[in-house]
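Take a look at the structure below.
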Amino acid sequence: GFWLFVEFDGPTLTEEEVLEGRRLLKLHYIRERKPRIASRKKKSVLKATGCLSCEACGFDFAAVYGKLGQGFAECHHRLPLADYEVEAPTLLEDLAIVCANCHRILHRSRPMTSVEDLRSLILQRRSTRRASSSNEGQT
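Mind the numbering: the sequence shown is residues 3 to 141 in my numbering, read in order.
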């Protein structure tokens with residue numbers, strides 16, 4: 003990509019301060035995404051299950067936030083678009099419903115963690131935490 007920075011002499015800052023909010027011109031390639039496939043996925047899952055629970059951790063925005071969270075979740079491409087050589091069709095089964103936290107974690111490593119592997123990790127850690135919590139109560 004191409005970045006254009008314009009430097010200026012700003013105020014003197016303490017070690018705890020940083021300047022943010024500068025306007026930058028950023029020019030780079032992006033992969034085209036079609037929002038309607040995410041919308042179709044959400045509608046399909048809502049029709050089948052009645053909710054949009056994260057496929058990794060089970061979080062349901064509507065259950066926690068009520069009306070504000072209804073219909074809210076992220077759609078994750080199981081195969082990253084960045085890995086495509088050329089444009090290709092996306093099917094509903096190529097997408098997963100995930101919460102924002104799990105979506106960030108899925109994209110945190112290369113190669114990308116699968117939704118199923120992240121779900122297994124979460125379940126394993128929950129089980130370990132429950133076991134250690136119940137053991138603490140027995141001593």
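Even for Gly, the Cβ is constructed at its ideal location relative to N, Cα and C.
- The shortest CA-to-CA distance from Ala102 to any of Cys59, Ala65 and Ala84 is the one to Cys59.
- Sequence-distant partners of Thr92 (beyond 5 residues in either direction) whose C-beta falls short of 6 Å from its own C-beta, in its chain, are Ile39.
- In the three-state scheme derived from DSSP, where H, G and I count as helix and E and B as strand, Ala75 is classed as coil.
- Excluding five sequence positions before and after Met114, the CB atoms of its chain that fall closer than 7 Å to its own CB belong to Pro82 and Leu108, given in chain order.
- By DSSP's assignment, Ile39 forms no beta bridge with any residue.
- Less than 8 Å separates the beta-carbon of Ile99 from that of Glu57.
- Here the C-alpha atom of Val20 lies approximately 35 Å from the C-alpha atom of Asp85.
- Restricting attention to Ser111, Ile32, Gly68 and Glu76, the CA atom closest to the CA of Val47 is found in Glu76.
- Per DSSP, Val20 lies in no alpha helix (DSSP H) and is assigned neither H nor E.
- Around the beta carbon of Lys49, fewer than 16 other beta carbons sit within 10 angstroms, so the residue counts as exposed.
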